[in-house]
Amino acid sequence: MTVFEDGEEKEKITLSDVKTKPEMHAMMLEKGFEKKSEEEIEDLKKQKEEEKVKEEEERRRAREERQKKAEERRKQRELDAARRKAEEEEKKEEPGAKADL
51 MTVFEDGEEK EKITLSDVKT KPEMHAMMLE KGFEKKSEEE IEDLKKQKEE EKVKEEEERR
111 RAREERQKKA EERRKQRELD AARRKAEEEE KKEEPGAKAD L
């Protein structure tokens with residue numbers, strides 16, 4: 051386990067060296083960790099789950115927005131192609147227009 055303080059690595063601990071739960075708890079207290087109540091743990095789990103749901107929703111919205119923009123670009127390309135084709139047809143039908151050979 052790596053212990054960080056203010057985002058910097060403070061020390062590394064080999065957890066397999068800790069043999070019992072009481073030793074683990076004592077070591078954690080010594081390192082400055084605080085034991086959380088079951089209620090605090092549940093609250094943290096709920097908070098993480100809510101964050102996960104929110105992130106998934108944001109990703110879904112972003113994906114839908116990308117798809118919508120891609121569809122708009124596709125439609126615009128189709129309109130542009132149809133307009134060019136119509137202009138070409140119009141030029142062919144103009145009297146006195148030179149034919150491309």
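Residue 104 in this note's numbering sits at position 54 of the sequence shown; the count goes up by one each step and never skips. C-beta: ideal position from N, C-alpha, C; glycine also.
Check	Outcome
Beta-ladder partner(s) of Thr52, from DSSP	Lys62
Val103 - DSSP class collapsed to helix/strand/coil	helix
Lys81, DSSP secondary structure in three states	coil
Beta carbon of Lys62 nearer than 8 Å to that of Phe54	no
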